[in-house]
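Residue numbers (the numbering used here): -11 to 713.
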């Protein structure tokens, strides 16, 4: 059987497969990863780990002490006794169980995992953080897990994982001078922004890969998370081999941070690299992929993402013409704070000064990188230009510490996310760009290019292959799970609702929050008034890819605190779905409506939430093949009667907000205080109109056709549906 690189690595680390049986796309397997990384969230994993042993009479013990790696990085600017006490508790736990430990100030956890030899080619390395994808830059299969998964791996060495569909991204050509890996991933996110790789693992291949440096690869792999992928893996080639040989020399020198125990796997020698090279894994010719993407590197020019949206890109030349003024600039985070990034920014800023009214913050991805930048003079050049140094860690990228954006400010950042409210105030605008663009913008006081650029648009295309296999069979409902969910609908008309919108980063590492306190802050970045709107038992109805972003577990569990069953309209982000399953929380799905012929008597209606139209019903119609192209308006009709059509005869496909059948009238009339959401094909949620909430936008067909409102009383009382902004 011909396998992809992802399938081969998954097979290598799978547990319980029959001899010769590979792990294939879509298959749920047990895995024993080489390593599992936790950072500040180690403090929250420890009690989960201890709870596994409750009632067994056994003392909590880590199954394989060489698997976990603790690297403190997120809230390192917080020097309160509570936070320092948490760090001390984590270090003590590491000492007791013989786990490798890297204290605050060593660097960002993902950079530590690569620098210190834990992520290696052909390995499956997981981390309790969404940017574990970065390990793919060294040809490892890096993917995120949640805190409960991490605790299970500590206790048993294993967890479950579903092998994702695999996308192949072929890179052609060669980058222009001054164009970097950040520009490549911004182009990929902006060019393929229709969820082409959502919940996929992406394999990068093609002749263009050889021209990418290791810094470029790590940046691209890191931000495949924001692209929607679960992993992004580069091949093991001569560029990577040379990098590994240099790191082997570093390990041989012996000067290293952190504490490693007997049996630690955080190192390798030149002989190990040569052995890996001779036994390297590669995808088979003719292996099956879910989608093929192609990008011409030679067509990429510096672009920025945003504001507050990773998948919206604009040429830097265009932004420069607009004269977008900024108040904050950031060269921080695990995606773009390595030595080459700092050197590029220093080359732009050397001999100049940050513009008045602009604050420019810098932080290296690790202390080792900062030392090298200081030795080569890059760090001093930035400081002399007016940059404000921060310790090597996460900080403002996650919305913690010094330098957060304030109300009304505009910022340009070399971080990986610009979600609304993530880096500070939800009333600020944040753009993403390369380190050189950030430095040039800080000097100019507006978004600017570091060198003359044109507005060439990236060239690429995608080919989607049909999925194999048929539809799944109906599932039995397990004892304890409801077969019927009843409640008021809290509808959020936003696709790609991110975890910062669900549970803000500033609360993520406050391990002492009570369930009631968590309930008070859920969705505050989406709607600050949410806490005053909900009632116990409300149904939260999300759009497509609900839960994208960080793999923080609170995004899955916090909505359940005030007893909100979470419903998904379409595809849910895989991490959030796994978390809900892990926590045994119900996750009803609102299925798509069936297509119907003109002769069917089923009434499909929608309620327009705009106040001036609350007294009428609207109905959507669209063409079968081009759903967003208008047809001529239908004549008014009574519910259940046939359309009278003009010119064209077509098969209608209706995408309503809420649809019901005429047979539901009696049950709806008897239950006016609640909306009944049953898992049948007769219930569907859909965006009612184009909206923008700063997190993302959702659009539905705006062509509305009137019908009589005689069924309003028994279809959906307006007062029982709440439309959030």
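For every residue, glycine included, the Cβ atom is placed at its ideal position computed from N, Cα and C. Note that the structure is a prediction, hence the values are computed from the model and not measured.
For this session: Whole angstroms is fine: what's the gap from residue 108's alpha carbon to residue 309's?
Result: Position 120 of the chain shown, counted from the start, is the residue given in the question as residue 108. Position 321 of the chain shown, counted from the start, is the residue given in the question as residue 309. Taking C-alpha positions only, residue 108 is separated from residue 309 by approximately 44 angstroms.
Exercise. By DSSP, does residue 158 sit in helix, in strand, or in coil?
Worked result: Here residue 158 refers to the residue found at position 170 when the chain shown is read from its first residue. Annotated three-state conformation of residue 158 is strand, per DSSP.
Exercise. Mapping DSSP to helix, strand and coil, what is residue 307?
Worked result: Here residue 307 refers to the residue found at position 319 of the chain shown. Note: residue 307 maps to helix in three-state DSSP.
For this session: Would you mind sorting residue 321 into buried or exposed? The rule is 16 or more other CB atoms within 10 Å of its CB.
Result: Translated into positions along the chain shown, residue 321 becomes position 333. Of the residues assessed, residue 321 falls on the buried side of the cut-off, its CB having 16 or more other CB atoms within 10 angstroms.
Exercise. Just the Cα atoms here: how many angstroms apart are residue 135 and residue 339?
Worked result: Here residue 135 is taken as the residue at index 147 of the chain shown, counted from 1. Here residue 339 is taken as the residue at index 351 of the chain shown, counted from 1. Taking the straight line joining both Cα atoms gives about 46 angstroms.
For this session: At 4 residues or longer, and completely inside the region 381 to 429: list those alpha helix (DSSP H) runs for me, N to C.
Result: none
Problem set entry | Buried versus exposed call for residue 41 [16 or more other C-beta atoms within 10 Å across all chains shown] | Numbered from 1 along the chain shown, position 53 holds the residue referred to as residue 41. With fewer than 16 other Cβ atoms within 10 Å, it is exposed.
Exercise. Would you call the region 66 to 76 and the region 221 to 236 in contact, with 3 or more CB pairs under 8 angstroms?
Worked result: no
Exercise. Which residue from 294, 140, 512 puts its Cα closest to that of residue 421?
Worked result: Locating residue 421 in the chain shown gives position 433, where the first residue counts as 1. Residue 294 is the option with its Cα nearest to residue 421.
Exercise. By a C-beta neighbour count over all protein chains shown, 10 Å radius and 16 as the cutoff for buried, is residue 516 buried or exposed?
Worked result: If you number the chain shown from 1, residue 516 lands on position 528. When all chains shown are included, residue 516 counts as exposed.
Problem set entry | Cβ-Cβ distance between residue 13 and residue 151 below 8 angstroms | Mapped onto the chain shown, residue 13 falls at position 25. Mapped onto the chain shown, residue 151 falls at position 163. For residue 13 and residue 151, yes; Cβs fall inside 8 angstroms.
For this session: State the start and end residues of the unbroken beta strand (DSSP E) segment that holds residue 85.
Result: In the chain shown, the residue the question calls residue 85 occupies position 97. No beta strand (DSSP E) holds residue 85; the alpha helix (DSSP H) holding it covers 69 to 85.
Exercise. Mapping DSSP to helix, strand and coil, what is residue 131?
Worked result: In the chain shown, counting from the first residue as 1, residue 131 sits at position 143. Residue 131 falls in the strand class under three-state DSSP.
Exercise. Quick one: complete alpha helix (DSSP H) runs, 4+ long, within the region 199 to 231?
Worked result: 202 to 210, 212 to 215
For this session: Please go through the same chain and pick out, in chain order, the residues whose beta-carbon is closer than 7 angstroms to the beta-carbon of residue 513, but skip the five residues on each side of it.
Result: Here residue 513 refers to the residue found at position 525 when the chain shown is read from its first residue. Listed in chain order, the non-local C-beta contacts of residue 513 below 7 angstroms within the same chain comprise 408, 409, 414, 488, 489, 492, local neighbours out to five positions each way being set aside.
Problem set entry | Top-ranked residue by Cα proximity to residue 287, from 248, 179, 275, 260 | Residue 287 sits at position 299 when you count from the first residue of the chain shown. For the residues 248, 179, 275, 260, the minimum Cα distance to residue 287 belongs to 179.
Problem set entry | Cα-Cα separation between residue 714 and residue 355, rounded to whole angstroms | One cannot answer for residue 714 here, as it falls past the ends of the chain, which runs -11 to 713.
Exercise. From what residue to what residue does the beta strand (DSSP E) around residue 23 run?
Worked result: As a working mapping, residue 23 is identified with position 35 in the chain shown. Note, residue 23: beta strand (DSSP E), 23 to 26.
For this session: Go ahead and pull the three-state DSSP assignment for residue 480.
Result: Within the chain shown, residue 480 is the residue found at index 492, counting from 1. Coil.
Exercise. From which residue to which residue does the beta strand (DSSP E) around residue 18 run?
Worked result: Translated into positions along the chain shown, residue 18 becomes position 30. Unbroken beta strand (DSSP E) run through residue 18: 16 to 19.
Problem set entry | Check whether residue 133 and residue 24 have beta carbons under 8 angstroms apart | Working through the chain shown from its first residue, we reach residue 133 at position 145. Working through the chain shown from its first residue, we reach residue 24 at position 36. Yes, the pair counts as a contact, with Cβ atoms nearer than the cut-off.
For this session: Check whether the Cβ atoms of residue 369 and residue 334 lie closer than 8 angstroms to each other.
Result: Against the chain shown, residue 369 aligns to sequence position 381. Against the chain shown, residue 334 aligns to sequence position 346. Here residue 369 is near residue 334, since their CB atoms are less than 8 angstroms apart.
Exercise. Is the beta carbon of residue 285 sitting closer than 8 angstroms to the one on residue 162?
Worked result: Indexing the chain shown from 1 puts residue 285 at position 297. Indexing the chain shown from 1 puts residue 162 at position 174. Yes, the Cβ-Cβ distance between residue 285 and residue 162 is below 8 angstroms.
For this session: Figure out for me which residue from 384, 398, 138, 524 has the closest Cα to the Cα of residue 30.
Result: To locate residue 30, count along the chain shown from 1; it is residue 42. Selected option, being the one with the closest Cα: 138.
Exercise. Alpha carbon to alpha carbon, what distance is there between residue 64 and residue 378?
Worked result: Mapped onto the chain shown, residue 378 falls at position 390. Mapped onto the chain shown, residue 64 falls at position 76. Distance between the alpha carbons of residue 378 and residue 64: 10 angstroms.
Problem set entry | Whether residue 16 touches residue 148 by CB criterion (8 angstroms) | Position 28 of the chain shown, counting from 1, holds the residue named residue 16. Position 160 of the chain shown, counting from 1, holds the residue named residue 148. Taking 8 angstroms as the Cβ cut-off, residue 16 and residue 148 qualify as a contacting pair.
For this session: Under 6 angstroms Cβ to Cβ from residue 436, same chain only, skipping five residues before and after it: list those, please.
Result: Numbered from its first residue, the chain shown carries residue 436 at position 448. Taking C-beta separations shorter than 6 angstroms and ignoring five residues to either side along the sequence, the partners of residue 436 in its chain run 308, 428, 429, following chain order.
Problem set entry | Straight-line Cα distance separating residue 331 from residue 364 | For the purposes of this step, residue 364 is taken as the residue at position 376 of the chain shown. For the purposes of this step, residue 331 is taken as the residue at position 343 of the chain shown. Residue 364 and residue 331: Cα-Cα distance of roughly 9 angstroms.
Exercise. Beta strand (DSSP E) containing residue 56: first to last residue?
Worked result: As a working mapping, residue 56 is identified with position 68 in the chain shown. Taken as a continuous stretch (DSSP letters only), the beta strand (DSSP E) holding residue 56 covers 56 to 59.
Exercise. Should residue 204 go down as buried or exposed, given a rule of 16 or more other Cβ atoms within 10 Å for buried?
Worked result: Position 216 of the chain shown, counted from the first residue, corresponds to residue 204. When all chains shown are included, residue 204 counts as buried.
Problem set entry | Proximity winner among 258, 114, 342, 189, relative to residue 277 (alpha-carbon distances) | The sequence position of residue 277 within the chain shown is 289, counting from 1. With distances taken between Cα atoms, residue 277 lies closest to 189.
Problem set entry | First and last residue of the uninterrupted alpha helix (DSSP H) at residue 192 | The residue given as residue 192 occupies position 204 in the chain shown. For residue 192, there is no enclosing alpha helix (DSSP H); the enclosing beta strand (DSSP E) covers residues 189 to 193.
For this session: Measure the C-alpha to C-alpha separation of residue 18 and residue 386 and round it to an integer number of angstroms.
Result: In the chain shown, residue 18 corresponds to position 30, counting from 1. In the chain shown, residue 386 corresponds to position 398, counting from 1. Going from the Cα of residue 18 to the Cα of residue 386 covers about 31 angstroms.
For this session: Report yes if the C-beta distance between residue 202 and residue 125 is below 8 angstroms; otherwise report no.
Result: Start at 1 with the first residue of the chain shown, and residue 202 comes out as number 214. Start at 1 with the first residue of the chain shown, and residue 125 comes out as number 137. It is a contact, given that the beta carbons lie within the stated cut-off.
Exercise. To the nearest angstrom, how far is it from the Cα of residue 59 to the Cα of residue 505?
Worked result: Within the chain shown, numbered from 1, the residue matching residue 59 stands at position 71. Within the chain shown, numbered from 1, the residue matching residue 505 stands at position 517. If you take the alpha carbons of residue 59 and residue 505, they lie about 28 angstroms apart.
Problem set entry | Alpha-carbon to alpha-carbon, residue -11 and residue 274 | Translated into the one-based positions of the chain shown, residue 274 becomes position 286. Translated into the one-based positions of the chain shown, residue -11 becomes position 1. When only Cα atoms are considered, residue 274 and residue -11 end up about 10 angstroms apart.
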